[in-house]
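Please read the structure below before turning to the comments.
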Amino acid sequence: MSSENAMVAHNIRLLRERRGLSLAELARRAGLAKQTLSRLEQGSGNPTVDTLFAIAEALRVPVTRLVAERRPSVTVQRGDEVEWECGAGFESRALGLVYGSGVVENYLLRVGGRAGGASEAHPVGTLEHLYVVSGRVRVGPAENPVELSAGDSVRYPGDRPHVYESLDGESVVHVVVSVPYGGSRR
Numbered sequence: 001m002s003s004e005n006a007m008v009a010h011n012i013r014l015l016r017e018r019r020g021l022s023l024a025e026l027a028r029r030a031g032l033a034k035q036t037l038s039r040l041e042q043g044s045g046n047p048t049v050d051t052l053f054a055i056a057e058a059l060r061v062p063v064t065r066l067v068a069e070r071r072p073s074v075t076v077q078r079g080d081e082v083e084w085e086c087g088a089g090f091e092s093r094a095l096g097l098v099y100g101s102g103v104v105e106n107y108l109l110r111v112g113g114r115a116g117g118a119s120e121a122h123p124v125g126t127l128e129h130l131y132v133v134s135g136r137v138r139v140g141p142a143e144n145p146v147e148l149s150a151g152d153s154v155r156y157p158g159d160r161p162h163v164y165e166s167l168d169g170e171s172v173v174h175v176v177v178s179v180p181y182g183g184s185r186r
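Put into structure tokens, the structure is as follows:
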């Protein structure tokens, strides 16, 4: 059983039990065979998007409640516990991933003096939100980048080639990448 199937199985069972519904009753409300729902709760099924939406509607929850991992409300990441990864002209530090209706990635990028790099297009519908922590940068779509200073922010489509470039000395930027459901960065 994959970790994704185990997560969906756990979430369906938990939500069904919290509502006091039997397996048969939830299957009836969702318009599914009881055996199908049973397999999903055991983590052995591979639900379609339509099946997940039917179950979510029957439980009266957003579909993200079925596919999102339940995590503690507070997560601490100490600066000395994470290593920076080298990229093409910059270093990145992952701050976290959130799954739900898509994937949201948080990064700090350290872009070296007069250095930077191009980034390939991500899946269709991807947005990048960038906040300059320190320094000056040129960022955004490769065909039309913008210059920003500390405290500035920008949002641009990440589904086309884009650039990160420091204009003077080392710059640090916080990047949030929102990849819609169905697209995967990894």
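Quick note, the sequence shown lines up with residues 1 to 186 if you use UniProt numbering. Where is the CB? At the ideal position from N, CA and C, for every residue including glycine. These numbers were taken from a predicted model, which means no experiment stands behind them.
Own chain partners of residue i with C-beta closer than 8 Å, once the 5 adjacent residues on each side are dropped
i, result
"L37", "I12, L23, L26, A27, A30, I55"
"R186", "Here the model assigns R186 a pLDDT of 41, short of 50, so the residue's position is not dependable, and the following value carries that caveat. Nothing meets the Cβ criterion."
Contacting residues, own chain, Cβ-Cβ under 7 Å from residue i (five flanking each side not counted)
i, result
"A121", "D159, R160, P161"
"V63", "L52, F53, A56"
Among the options, the one whose alpha carbon lies nearest that of residue i
i, options, result
"V111", "V8, L32, R138", "R138"
"L15", "V67, S44, S153, S3", "V67"
"R18", "P145, P141, V61, M7", "V61"
"L131", "S2, A6, A150, V163", "What sits at residue 131 in the sequence shown is Tyr, not Leu. Measuring from the Cα of Y131, the nearest candidate turns out to be A150."
"P123", "D152, L21, V104", "V104"
"H10", "K34, Q35, L40, V176", "L40"
"L21", "S178, F90, A58, V173", "A58"
Beta-bridge pairing of residue i - partner residues as DSSP gives them
i, result
"R93", "L108"
"R155", "H129"
"G117", "Y164"
Range covered by the alpha helix (DSSP H) that runs through residue i
i, result
"R39", "34-41"
"H122", "Premise fails: H122 is in no alpha helix (DSSP H) and is neither H nor E."
"S22", "Segment: none, S22 is in no alpha helix (DSSP H) and carries neither H nor E."
Supposed close pair residue i, residue j - CB separation, criterion 8 Å
i, j, result
"Y164", "L127", "So it is not a contact: roughly 15 Å between Cβ atoms."
Close-in-space but distant-in-sequence residues of the same chain around residue i (CB under 6 Å, 5 per side omitted)
i, result
"S92", "E85, Y107, L109"
"E43", "According to the sequence provided, residue 43 is Gly. The question's Glu does not apply to it. M1, N5, A6, A9."
"S3", "none"
Endpoints, the beta strand (DSSP E) within which residue i is located
i, result
"L177", "It should be pointed out that residue 177 corresponds to Val in this sequence rather than to Leu. Per DSSP, V177 belongs to the beta strand (DSSP E) from 171-180."
"E143", "Run containing E143: none; DSSP gives neither H nor E here."
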